[in-house]
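Chemist:
In the working numbering, the protein residues as written are 113 to 265.
1) Does the distance from the C-beta atom of residue 252 to that of residue 218 stay below 9 Å?
2) Which first and last residues belong to the alpha helix (DSSP H) in which residue 162 is found?
3) How is the alpha helix (DSSP H) around residue 250 delimited, first residue to last?
4) What first and last residue would you give for the alpha helix (DSSP H) that runs through residue 193?
5) Give the DSSP-derived three-state secondary structure of residue 267 in the structure shown.
6) For a quick check, are the C-beta atoms of residue 152 and residue 170 less than 9 Å apart?
7) So residue 216 is in the alpha helix (DSSP H); what residue range does that whole segment cover?
8) With 16 as the cutoff for other CB atoms within 10 Å, does residue 165 come out buried or exposed?
9) Can you give me the C-alpha to C-alpha distance between residue 144 and residue 157, rounded to a whole angstrom?
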């Protein structure tokens, strides 16, 4: 009887792990232009070895903002946000060095951002897909290069 109780409690605990350690939903404040501007300022002042991860965070937040803008019909603003996503993604690679901190975290964040952008792409209208596909292609390129740097170490 005890073994069955322990087995059931362990199964429940294991089943709850993805809920506990999964990606927590971002608050609305994480996507606001003010939060993004603050992160941009922090990135500009950061040491070069820290910039890779901070740019990956900017890419993630700007992607979320672009998705929110597309859903609300702000197509012009969304296109500008996607341009910034591509620019920050390129800058992510500039911050990669041999002593770059949080390189694996940056790669993982870029992978999750790519997945979110794929979801946005599947929900987007045909007219918006070209810019989304271009941005997604850029994110895949950056993610691959970050992964190569991780395995290089």
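Cβ coordinates follow ideal geometry from the N, Cα and C atoms, glycine included.
Modeler: Well, looking at it:
1) no
2) 160-183
3) 241-264
4) 187-206
5) Summary: the structure shown does not reach residue 267, with the chain confined to residues 113 through 265, and so no result is reported for it.
6) yes
7) 215-235
8) buried
9) 20 Å
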